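To start, the structure itself, in structure tokens.
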């Protein structure tokens with residue numbers, strides 16, 4: 016009998032997740048949908064119109080599910096910590112990481128306390144998604160058959176991805192399974208790493224032909240990570256740009272008054288604490304000053320898929336006032352303090368899309384809800400600006416905040432947050448331009464950049480990188496910009512990562528060949544090609560092929576020689592490579608490249624575009640690639656080498672060619688005046704359906720760095736209508 020009661024209890028708890036939609040709620044959604052219009056232009060970009068912002072959110076989520084429900088669902092399975100239920104036990108510690116910092120109980124409580132305007136948006140998020148499922152019974156979710164309004168509050172900073180992704184799941188697993196974990200050396204030295212992040216440029220009216228401010232929006236993400244949308248309400252919303260699947264705000268984009276571009280940064284918004292923990296009278300306690308405090312404990316049970324059934328694994332999780340325990344170093348427990356204010360984060364993410372000038376945008380930033388991003392900004396009044404980070408805790412500067420600090424010392428506690436006026440920033444620099452490429456803010460505007468001496472070291476520890484070097488050079492050399500020349504600047508082909516590497520190879524060849532009786536003819540010819548190379552990429556360039564293949568090999572060799580836990584940025588690592596690989600090593604690596612290229616492509620004189628390809632075949636989250644099927648040549652290279660237009664490509668099982676999967680995704684250039692002018696491009700096309708004419712209709716543009724016009728105003732949109740419908744009526 017007890018088992019029966021327990022079963023009934025479980026069944027009573029399930030409807031919140033699995034119940035069919037009630038006829039009355041479907042009828043209510045149908046009625047709401049009549050007041051919402053989706054116009055897809057001839058590129059299939061949805062322009063969504065509604066009376067209220069909440070109506071638009073309803074239509075936005077409905078349209079996103081139309082375009083790629085799988086990615087919408089995936090992002091929320093991830094956020095709510097239920098990946099193991101679909102991916103199996105391997106994802107269990109991924110879910111545990113999510114649960115350490117936020118759980119559904121907290122999210123529901125935050126939702127209930129949210130202001131009325133936010134509740135309306137959250138309700139509309141859930142209703143628009145659920146209405147899609149109700150009107151598409153053939154769609155079979157992997158897990159989530161009903162979306163809840165509290166789900167967007169599971170993101171710690173209002174953004175999908177967020178700051179949780181940098182926390183090691185392996186370290187968490189080692190601690191919570193009582194197994195050993197050896198701290199790995201800084202990942203830059205030990206692995207081949209494709210840089211991700213973004214580029215943002217802002218150009219002042221003094222540097223444009225139109226005398227209007229301009230903005231480049233160039234996120235570097237995994238491909239198809241965001242969709243292109245336009246959302247318009249009668250309550251003042253009119254935003255265009257990139258929306259991450261499942262978000263209900265334009266993440267990177269513009270409205271009729273201003274534009275915002277986020278670049279990932281290293282402004283220190285998260286800290287690790289080493290806790291001194293002892294078990295006293297059967298209770299874990301941690302030292303804080305001269306006191307001992309009880310460690311908070313919580314028992315949880317996480318589900319995971321095992322074959323055709325769901326099993327559970329029990330955990331006891333721990334936390335101190337600094338945050339949850341996420342690892343161990345020696346005999347110290349590691350806790351993590353980070354921003355965990357999802358309501359303000361979500362509010363800031365949404366409200367900035369309705370800003371109309373610098374002052375209103377900055378006022379929204381006072382919510383301090385952006386932990387991992389810098390902001391490049393421009394507006395119709397001609398203002399350009401930059402903020403390095405947003406959520407930055409005040410700290411005692413005597414400690415090294417690049418390393419874990421002593422949690423038992425009260426002086427290591429955060430002392431509140433820095434005001435927006437205190438963070439590294441620039442407004443209307445004399446140089447007339449701003450750039451950030453995930454690099455130091457102290458070169459953001461060339462000679463007009465902020466002074467490093469004016470800020471605490473933890474506020475901007477970011478190093479320079481080769482994209483930053485390239486951007487400064489490109490923007491410094493141009494006196495007048497148009498939208499065309501801004502696109503050209505965004506696609507500048509210079510690869511500064513080879514400016515020192517290639518001369519070191521040429522010198523090494525001279526040294527080695529002087530000792531050789533019969534220099535290799537192919538090797539001599541390859542050296543001559545590299546000697547004449549201007550260090551710019553191109554689809555027809557054999558030199559680019561040689562440089563990239565050789566650069567990868569020589570870096571890999573250098574990484575293997577690193578001892579200890581030395582840290583390098585991209586520039587200092589190049590110095591290390593040049594100085595710590597012998598002339599013989601450098602020449603040998605080039606000889607191996609010639610052999611590899613000849614083996615795989617028939618000749619080592621293979622142009623870069625024949626190897627470096629863009630291909631989209633299935634539209635699935637995990638794309639597959641095939642050398643025998645159509646693809647597009649791409650000149651861009653990895654951001655490692657300073658390619659501003661980034662294209663991270665590699666081989667896959669069964670391929671010799673390399674296919675891109677990360678880098679340039681949604682890219683836009685915008686000019687702000689009495690009327691906004693903009694151009695954009697995305698990789699592949701807007702649709703994720705291979706049967707759609709919009710699955711690959713932007714591939715040729717994307718692969719060659721070309722853009723399409725944005726239709727922002729009603730009269731322009733009406734001249735380029737693909738179809739117009741209400742949610743639920745797209746037939």
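In the numbering used here, the protein residues as written are 16 to 746. All residues carry an ideal CB built from backbone N, CA and C; glycine is no exception. Bear in mind the structure is a predicted one, so any value in this text is a computation, not a measurement.
- The beta carbon of residue 432 is closer than 8 Å to those of 383, 406, 407, 408 and 409 in its chain, skipping five residues each way along the sequence.
- Only residues of its own chain outside the window of five on either side were considered, and among them 92, 157, 158 and 320 have a CB closer than 8 Å to the CB of residue 101, listed in chain order.
- Residue pairing for residue 98: DSSP places it in no beta bridge.
- Residue 117 has its alpha-carbon roughly 13 Å from the corresponding atom of residue 313.
- In the assembly as shown, residue 653 is a buried residue. Its beta-carbon has 16 or more other beta-carbons within 10 Å.
- According to DSSP, residue 80 shares a beta bridge with no other residue.
- Between the stretch 272-289 and the stretch 237-244, the count of Cβ pairs shorter than 8 Å is below three; the stretches do not touch.
- Judged by DSSP secondary structure, residue 318 falls within the beta strand (DSSP E) whose first and last residues are 311-321.
- Distances from the CA of residue 390 to each of 296, 281, 473 and 316 were compared; the closest alpha carbon is that of 281.
- Around the beta carbon of residue 120, a 10 Å sphere encloses fewer than 16 other beta carbons of the protein chains shown; the residue is thus reported as exposed.
- When rounded, the separation of the alpha-carbon atoms in residue 440 and residue 626 is 41 Å.
- In this chain, the beta strand (DSSP E) harbouring residue 64 covers 61-65.
- In terms of Cβ geometry, residue 133 and residue 362 form a close pair [threshold 8 Å].
- With a 10 Å radius around the Cβ and a threshold of 16 neighbouring Cβ atoms, residue 429 comes out exposed.
- The beta-carbon separation of residue 459 and residue 515, rounded to 23 Å, does not stay under the 8 Å limit for a contact.
- The C-beta of residue 465 has 16 or more other C-beta atoms within 10 Å across all chains shown, which makes the residue buried.
- Looking at the backbone, the Cα of residue 564 and that of residue 366 are separated by about 46 Å.
- Taking the CA atoms as reference points, residue 150 sits about 10 Å from residue 45.
- 567 is the residue among 607, 87, 567 and 84 whose C-alpha sits nearest the C-alpha of residue 664.
- With respect to the 8 Å criterion, residue 482 and residue 342 are not classified as neighbours on the basis of their beta carbons.
- Residue 686 and residue 448 have their C-alpha atoms spaced approximately 14 Å apart.
- A distance below 7 Å between beta-carbons, with the five flanking residues on each side excluded, links residue 601 to the following residues of its chain, in chain order: 519, 520, 523 and 569.
- Distance from the Cα of residue 443 is smallest, within the candidate group 152, 725, 412 and 220, for 220.
- Note that the C-beta distance between residue 349 and residue 217 is not below 8 Å.
- The stretch 487-572 contains, as complete alpha helix (DSSP H) runs of 4+ residues, the segments 498-505, 516-528 and 536-546 (chain order).
- Under the three-state reduction of DSSP, residue 85 is assigned to helix.
- Listed in chain order, the alpha helix (DSSP H) runs fully inside the stretch 570-619 are 585-595 and 598-616, counting runs of at least 4 residues.
- In the structure shown, residue 252 falls within a coil segment according to DSSP collapsed to helix, strand and coil.
- At a cut-off of 4 residues, the continuous stretches assigned as alpha helix (DSSP H) that sit fully inside the stretch 355-418 are 357-366 and 373-380.
- Within the model, the alpha-carbon separation for residue 169 versus residue 113 is close to 9 Å.
- When 670, 736, 662 and 50 are compared, the shortest CA-CA separation from residue 718 is found for 662.
- Distances from the alpha-carbon of residue 597 to those of 629, 660 and 525 put 525 closest.
- When the beta-carbon positions are compared, residue 301 and residue 335 come within less than 8 Å of each other.
- In this structure, the straight-line span from the alpha carbon of residue 468 to that of residue 474 is close to 11 Å.
- In the three-state reduction of the DSSP assignment, residue 423 falls in the coil class.
- By the Cβ test, the stretch 569-578 is not in contact with the stretch 550-558, since fewer than three Cβ pairs between them sit closer than 8 Å.
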